[in-house]
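Peer 1: In this note's numbering, the protein residues as written are 6 to 88.
Let me begin by handing over the structure; questions about it come next.
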């Protein structure tokens, strides 16, 4: 049996959607509901994104940041503040 006991444990897609929601509220981003759906869909389509054994939280965050930068014009350091 393999068990990840480190603090870099993968989290669910909901964690990242909540972070995106907070960004949109505080930064007052226009047209965000459509882009949020696109981001959510892209995260859900990544195989093993929520698998604790395949992907670490660090890898999830890097993937999330890459997707956010694809749909929003937000610097990486701002995105990281919400994670």
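From the three backbone atoms N, C-alpha and C, an ideal C-beta is built for every residue, glycine too.
Give me the Cα-Cα distance between residue 60 and residue 22, rounded to the nearest whole angstrom.
Peer 2: Residue 60 and residue 22: Cα-Cα distance of roughly 18 Å.
Peer 1: Classify residue 45 as helix, strand or coil using the three-state DSSP reduction.
Peer 2: The answer is helix: DSSP assigns residue 45 an H, G or I state.
Peer 1: List the endpoints of the continuous alpha helix (DSSP H) containing residue 28.
Peer 2: Residues 18 to 32.
Peer 1: Would you kindly check if the distance between the Cβ of residue 55 and the Cβ of residue 88 is under 9 Å?
Peer 2: no
Peer 1: With 16 as the cutoff for other CB atoms within 10 Å, does residue 58 come out buried or exposed?
Peer 2: Exposed is the call here.
Peer 1: Excluding sequence positions up to five away, which residues of its chain have a Cβ less than 7 Å from the Cβ of residue 51?
Peer 2: 68
Peer 1: If you draw a straight line from the alpha carbon of residue 34 to that of residue 80, how long is it in whole angstroms?
Peer 2: 14 Å
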